[in-house]
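Its first residue numbered 0, the sequence shown is counted upward by one per residue in numbering that gives the first Met the number 0.
Think of the CB as a built atom: it goes at the ideal place given N, C-alpha and C, for glycine as much as any other residue.
Remember, predicted model here, so these are calculated numbers, not experimental data.
Written below as structure tokens is the structure these notes are about.
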Amino acid sequence: MTQELAAASEASNSRALGGIVAASLTPVTDTGSIDIVRLKSHFDWLFAAGCSYVSPFGSTGEGASFSVREKRAALAALQQAGVAMDRLIPASMSAALDDAVATIAAAADLGCRAVLIAPPFYYGAASQDGIAAFFEAAANRFGGSFPLDVVLYHIPAMTKVGYGVELVEHLIARHGKRIVGIKDSTGDCTHTLMLAKTFPNLRIFTGDDRVLPDLLAAGGAGMIGGLPNVNAIELCQFFADPSGPASAGLRDRAAKRIVAVDDHGGIIALKAVKARISGDAAWMRPLEPLLPLSPTGVTALIESFRQSQFQFPGEED
């Protein structure tokens, strides 16, 4: 990194990590490319709703399905379109070291606040020492130190491996203050609270709305998750006033919505709800190998959301 880029990175680091962070969906064109116009509009909506940051190209954003070249080009286009890059936390979803390094470099070069790093996947037998070696090799590409802050992405259901306590301790000892947080996507409240207690100096995020109330009560940082793509306003209101009258019943409503999304295909379900909210059917499109939710599935999904007291535009009381 040049001195100018390093200075910009240090300046962006002054913004505290926390709040409601949307793990953004990625709109695609009918030719399968990243739709920058719709993505920029979506970011604008998320920030206007109160999201503190947006995390593009993670699991919800189909990050493993896009090349590093595509993602870097999209980030550069967003920068040119005026997006505040210090409010972005792109995800590295690569098992290949070169690709992970390229993603980290892009995030740093473009002035992003931090990078969310999933452990190298596919080889489920990878040891904690092996993951530590992967991080060491990545840092060495930057002269021994990561060029921006790192949030560890713990999602063992997808990656087959995760970040154990001893590994996190090792990464902190080796990489110092560059390891700033953990996103726990297990959905296991006990595990998330254990992380908050064990690592009080890290910013601990949940990926699950249902865990958010308990995590905030324990001093956690907030959430990085998919539901803010369609429910950012309610979640940001909850974060601002967890004990307020508008926050009552959030856990029950969140549980119904998460079950509905999971029952209808996860990403494609969220895209279907986004399409319904925006009135823009183009949001239905995922990238192959995923396929759009069927019309029957959309009908059932939307009704499940209504049953959770979700109000679609034009249906307000």
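Cα-Cα separation between Pro199 and Ala253, rounded to whole angstroms: Translated into the one-based positions of the sequence shown, residue 199 becomes position 200. Translated into the one-based positions of the sequence shown, residue 253 becomes position 254. Each residue's alpha carbon lies about 26 Å from the other.
- request: Could you have a look at Arg209 and say whether DSSP puts it in helix, strand or coil?
  value: For this step, residue 209 is matched to residue 210 along the sequence shown. In the structure shown, Arg209 sits in coil (DSSP, three-state: anything other than H, G, I, E or B).
The beta strand (DSSP E) enclosing Gly221, as first and last residue numbers: Along the sequence shown, one-based indexing puts residue 221 at 222. Segment 221 to 224, the beta strand (DSSP E) holding Gly221.
message: For Gly57, count the other beta carbons within 10 Å of its own beta carbon; 16 or more makes it buried, fewer makes it exposed. Which is it?
response: The residue labelled residue 57 in the question sits at position 58 within the sequence shown. When all chains shown are included, Gly57 counts as buried.
message: Do Leu74 and Val53 count as a contact pair if the criterion is CB distance below 8 Å?
response: One-based indexing of the sequence shown puts residue 53 at position 54. One-based indexing of the sequence shown puts residue 74 at position 75. No; because the gap between Cβ atoms is not below 8 Å, this pair is not in contact.
- prompt: Within 10 angstroms of its Cβ, does Leu77 collect 16 or more other Cβ (buried), or is it exposed?
  reply: One-based indexing of the sequence shown puts residue 77 at position 78. Buried is the call here.
message: If contacts are defined as beta-carbon pairs under 8 Å, then Arg68 and Ala281 qualify, I think. What distance do you get, rounded to the angstrom?
response: Numbered from 1 along the sequence shown, position 69 holds the residue referred to as residue 68. Numbered from 1 along the sequence shown, position 282 holds the residue referred to as residue 281. That belief does not hold up - the Cβ atoms of Arg68 and Ala281 are roughly 23 Å apart, past 8 Å.
- prompt: How big is the Cα-Cα spacing for Thr298 and Val272?
  reply: Along the sequence shown, read from residue 1 onward, the residue named residue 298 stands at position 299. Along the sequence shown, read from residue 1 onward, the residue named residue 272 stands at position 273. Distance between the alpha carbons of Thr298 and Val272: 10 Å.
field: Where Arg202 sits in the DSSP three-state scheme
entry: The residue you call residue 202 lines up with position 203 of the sequence shown. The answer is strand: DSSP assigns Arg202 an E or B state.
query: Taking C-beta to C-beta, are Ile267 and Leu286 nearer than 8 Å?
result: The residue labelled residue 267 in the question sits at position 268 within the sequence shown. The residue labelled residue 286 in the question sits at position 287 within the sequence shown. No, they are not a contact pair.
message: Could you compute how far the alpha carbon of Ala106 sits from the alpha carbon of Ala239?
response: Position 107 of the sequence shown holds residue 106. Position 240 of the sequence shown holds residue 239. About 28 Å.
- request: Pull up the distance between the alpha-carbon of Ile116 and that of Val150, whole angstroms please.
  value: The count along the sequence shown starts at 1 and reaches residue 116 at position 117. The count along the sequence shown starts at 1 and reaches residue 150 at position 151. Cα to Cα, Ile116 sits roughly 6 Å from Val150.
message: Does Val258 pass the burial test, meaning 16 or more other C-beta atoms within 10 Å, or should it be called exposed?
response: For the purposes of this step, residue 258 is identified with residue 259 of the sequence shown, where counting begins at 1. Exposed.
query: What are the start and end residues of the alpha helix (DSSP H) that includes Val20?
result: Numbered from its first residue, the sequence shown carries residue 20 at position 21. Here Val20 belongs to no alpha helix (DSSP H); instead the beta strand (DSSP E) covers 18 to 22.
task: For Met0, I'd like the list of residues in its chain whose CB is within less than 8 Å of its CB, leaving aside the five on either flank, ordered along the chain.
output: Walking along the sequence shown from the start, residue 0 turns up at place 1. Residue placement at Met0 is poorly supported in this model, since its pLDDT is 40, which falls under 50; the coordinates are not used for a value here.
- request: Can you grab the Cα-Cα spacing for the pair Gly18 / Gly62, in whole Å?
  value: Mapped onto the sequence shown, residue 18 falls at position 19. Mapped onto the sequence shown, residue 62 falls at position 63. Going from the Cα of Gly18 to the Cα of Gly62 covers about 22 Å.
- prompt: Given a threshold of 16 other Cβ atoms within 10 Å of its Cβ, counted over all protein chains shown, does Ser126 qualify as buried or as exposed?
  reply: Along the sequence shown, one-based indexing puts residue 126 at 127. Exposed, because fewer than 16 other Cβ atoms sit within 10 Å of the Cβ of Ser126.
field: Whole-angstrom C-beta distance between Leu45 and Arg202, which should lie under 8 Å
entry: Working through the sequence shown from its first residue, we reach residue 202 at position 203. Working through the sequence shown from its first residue, we reach residue 45 at position 46. That belief does not hold up - the Cβ atoms of Arg202 and Leu45 are roughly 19 Å apart, past 8 Å.
task: May I have the straight-line CA-CA distance separating Ile35 from Gln236, to the nearest angstrom?
output: In the sequence shown, counting from the first residue as 1, residue 35 sits at position 36. In the sequence shown, counting from the first residue as 1, residue 236 sits at position 237. Near 28 Å, if we compare the C-alpha coordinates of Gln236 and Ile35.
- prompt: Going by C-alpha distance, which of Asp128, Ile171, Gly224 is nearest Gly265?
  reply: In the sequence shown, the residue the question calls residue 265 occupies position 266. Nearest C-alpha to Gly265: Gly224.
- prompt: Which word fits Gln308, buried or exposed, when buried means at least 16 other C-beta atoms lie within 10 angstroms of its C-beta?
  reply: Taking the sequence shown and counting its residues from 1, the one referred to as residue 308 is at position 309. By the neighbour-count rule (16 or more Cβ atoms within 10 Å), Gln308 is not buried but exposed.
message: Suppose you measure from the CA of Val179 to the CA of Met92; what does that come to, to the nearest Å?
response: Walking along the sequence shown from the start, residue 179 turns up at place 180. Walking along the sequence shown from the start, residue 92 turns up at place 93. If I take the Cα positions, the gap works out to 18 Å.
Close-in-space but distant-in-sequence residues of the same chain around Arg250 (CB under 7 Å, 5 per side omitted): Here residue 250 corresponds to residue number 251 of the sequence shown, with the count starting at 1. Cβ within range, chain order: Arg209, Pro212.
message: Rounding to the nearest angstrom, what Cα-Cα distance links Leu170 and Ser64 in this structure?
response: Here residue 170 refers to the residue found at position 171 of the sequence shown. Here residue 64 refers to the residue found at position 65 of the sequence shown. Cα to Cα, Leu170 sits roughly 27 Å from Ser64.
task: Return the chain-ordered ranges of every beta strand (DSSP E) run that is complete within the segment 52 to 110 and spans a minimum of 3 residues.
output: 52 to 54
Close Cβ partners of Ile130 (< 8 Å) along its chain, the five nearest in sequence each way excluded: To locate residue 130, count along the sequence shown from 1; it is residue 131. Once the five neighbours on either side are set aside, the close Cβ partners of Ile130 are Pro118, Pro119, Val160, Tyr162, Leu166.
- prompt: Expressed to the nearest angstrom, what Euclidean distance is found between the alpha-carbon atoms of Lys39 and Val82?
  reply: As a first step, residue 39 must be located in the sequence shown, where it is residue number 40. As a first step, residue 82 must be located in the sequence shown, where it is residue number 83. Going by the C-alpha atoms only, they are around 7 Å apart.
- request: Count the other CB atoms, across all protein chains shown, that sit within 10 Å of the CB of Thr25; report buried if there are 16 or more and exposed otherwise.
  value: Indexing the sequence shown from 1 puts residue 25 at position 26. Thr25 comes out buried.
message: For Arg112 and Val20, I'd like the C-alpha separation in whole angstroms.
response: What you label residue 112 is simply residue 113 of the sequence shown in a count that begins at 1. What you label residue 20 is simply residue 21 of the sequence shown in a count that begins at 1. Each residue's Cα considered, the two are about 12 Å apart.
message: Suppose you measure from the CA of Leu300 to the CA of Gly248; what does that come to, to the nearest Å?
response: Sequence index remark: in the sequence shown, residue 300 carries index 301 (1-based). Sequence index remark: in the sequence shown, residue 248 carries index 249 (1-based). Distance between the alpha carbons of Leu300 and Gly248 is about 20 Å.
task: Can you tell me which of Ala156, Gly221, Thr158, Ile181 puts its alpha carbon nearest to the alpha carbon of Glu168?
output: By 1-based counting over the sequence shown, the position of residue 168 is 169. Glu168 has its Cα closest to that of Ile181, out of Ala156, Gly221, Thr158, Ile181.
task: Please classify Asp29: does DSSP put it in a helix, a strand, or coil?
output: Taking the first residue of the sequence shown as position 1, residue 29 is located at position 30. Reduced to three states, the DSSP call for Asp29 is coil.
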